[in-house]
Amino acid sequence: QSALTQPASVSGSPGQSITISCTGSSSDVGNYNLVSWYQQHPGKAPKLILYEDTKRPSGVSDRFSGSKSGNTASLTISGLQPEDEADYSCCSYAGTTVHYVFGPGTKVTVL
Amino acid sequence: QLQLQESGPGLVKPSETLSLTCTVSGGSISTTTYYWGWIRQPPGQGLEWIGCVFHTGSAFYNPSLKSRVTISVDTSRNQFSLRLTSVTAADTSLYYCVSLWRATDAFDVWGQGTILTVSS
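Chains as they are written, first to last, in the numbering used here: chain G, 1 to 111; chain W, 1 to 120.
Structure (structure tokens):
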């Protein structure tokens, strides 16, 4: 069972915006600005798309954005495109004992 | 450009020890920029962080696996390795080696993954 909670699936039409939530606790998401998000296409390795809650690595589309409120982080995909259909997982630093916890992943479907 | 490549046996018997190796190319494993780690993904399930090691050999682990896991580094070969003892069917997973970007606590480079099946 994952330490972070995500919806199993989210869907949207091309051009729309969708938001994926990632809920943790005051021991992880709520205590550190260290949530990262990963995109994983079928049969492929995950790819880092956001780090430190809101920052994008070089080369990642600005259609991906992050935010956080309390113990819940969110990933928003704007202008949804067919190639955005993938699984998205969040991860948070959780201190020097637990270290890193992941969410179960959210399947994004482009209708 | 940093690249990671896993290698391993593919199949391990229950109660035996799993050993996987990750070869780092395009950069030195002795860099202070990264920790080196392992993450696994059981079939149809989410990602689970296993542990990480620094080039000095200092390592830290997922508490739920700590009693069975050792991650070590071989700087002369630019490789790091995972050892998991007393495996069961629950350890059947896709295992990824990763680089953990120390400044951001994000896993920024991933290997392609290697499937490890535990079965007699």
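We put the beta carbon where it would ideally sit given N, CA and C, even for glycine. Just so you know, these numbers come straight off a predicted model, no measurement behind them.
**Study point:** Pick from W:Gln41, W:Asp105, W:Ile50, W:Phe54 that is closest to Leu82 of chain W, judged by C-alpha positions
**Key:** The alpha carbon of Leu82 of chain W has as its nearest neighbour, out of W:Gln41, W:Asp105, W:Ile50, W:Phe54, the alpha carbon of W:Ile50.
Review point. Cβ of Leu84 of chain W less than 7 Å from any chain C Cβ?
Key: The chain labelled as chain C is not found among the protein chains of the depicted structure, namely G and W.
Check your understanding: Trp36 of chain W touches chain G at which residues, Cβ-Cβ below 9 Å?
Key -> Those within 9 Å of Trp36 of chain W in chain G number zero; the least Cβ separation is about 14 Å.
Practice item. Following the continuous beta strand (DSSP E) through Thr21 of chain W, name the residue where it begins and the one where it ends. Key: 18 to 25
Review point. Taking Cβ positions only, does Ala59 of chain W come closer than 7 Å to chain G?
Key: Closer than 7 Å: no.
Check your understanding: Ala89 of chain W touches chain G at which residues, Cβ-Cβ below 9 Å?
Key -> What Ala89 of chain W touches in chain G: nothing, since even the nearest Cβ is about 18 Å away.
Review point. If you follow the beta strand (DSSP E) that Gly12 of chain G is part of, which residue opens it and which one closes it?
Key: 9 to 12
**Study point:** Which of helix, strand or coil DSSP assigns to Asp91 of chain W
**Key:** helix
Check your understanding: What in chain W is Cβ-close to Ser36 of chain G, meaning under 8 Å?
Key -> Thr104, Asp105, Ala106, Phe107
Point to revise | Spatial distance of Lys13 of chain W from Ser119 of chain W (CA atoms) | key: 5 Å
Point to revise | Val98 of chain G: first and last residue of the uninterrupted alpha helix (DSSP H) it sits in | key: 95 to 98
**Study point:** Through-space distance from Leu116 of chain W to Cys52 of chain W, alpha-carbon basis
**Key:** 19 Å
Practice item. For Arg77 of chain W, count neighbouring Cβ atoms within 10 angstroms of its own Cβ and tell me buried if that reaches 16, exposed if not. Key: exposed
**Study point:** Local conformation of Asp84 of chain G per DSSP, three classes
**Key:** Three-state result, Asp84 of chain G: helix.
Review point. Do Trp36 of chain W and Phe80 of chain W have their CB atoms nearer than 7 Å?
Key: yes
Check your understanding: Do Tyr88 of chain G and Gln16 of chain G have their CB atoms nearer than 7 Å?
Key -> no
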